[in-house]
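Remember, my numbering sits 52 above the position in the sequence shown when you count from 1. Here a beta-carbon is modelled for each residue, glycine too, at the ideal position from N, C-alpha and C.
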Amino acid sequence: MNLHKIAESLEVNLVQQFAYQNEEFMVTSAESDIQDIVSMLRDANDEKIRVAKNVLKELL
53 MNLHKIAESL EVNLVQQFAY QNEEFMVTSA ESDIQDIVSM LRDANDEKIR
103 VAKNVLKELL
């Protein structure tokens, strides 16, 4: 099991795993949006992933 899988199962950002307990850690709205997008892509089939990639290429 790797750190990414642990973070995913805990529904936290990988960086949050290394924050100290008393340290305040803020997740930006952009980071949260990226996590949501990655989650959607993990559930998508290959064709939808290709379409999403093409859409992102056009937008960015």
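Give the C-beta separation of A104 and L111 to the nearest angstrom, bearing in mind that I take them to be a contact with Cβ-Cβ under 8 Å.
In the sequence shown, counting from the first residue as 1, residue 104 sits at position 52. In the sequence shown, counting from the first residue as 1, residue 111 sits at position 59. 10 Å between Cβ atoms; not a contact.
Straight-line gap, I57 to N65 (C-alpha atoms, nearest Å)
Locating residue 57 in the sequence shown gives position 5, counting from the first residue. Locating residue 65 in the sequence shown gives position 13, counting from the first residue. Looking at the sequence itself, residue 57 is Lys, so the reference to Ile does not match. Using only the alpha carbons, I get a separation of about 11 Å.
By how many angstroms is the C-alpha of K100 removed from the C-alpha of E83?
Here residue 83 refers to the residue found at position 31 when the sequence shown is read from its first residue. Here residue 100 refers to the residue found at position 48 when the sequence shown is read from its first residue. If you draw a straight line from the Cα of E83 to the Cα of K100, it is about 22 Å long.
What is the DSSP secondary structure of E63, reduced to helix, strand or coil?
In the sequence shown, counting from the first residue as 1, residue 63 sits at position 11. Assignment of E63 by DSSP, reduced to helix, strand and coil, places it in the coil class.
Distance, Cα to Cα, D88 vs T80?
Counting from 1 along the sequence shown, the entry for residue 88 is found at position 36. Counting from 1 along the sequence shown, the entry for residue 80 is found at position 28. Per the coordinates, the alpha-carbon of D88 lies some 13 Å from the alpha-carbon of T80.
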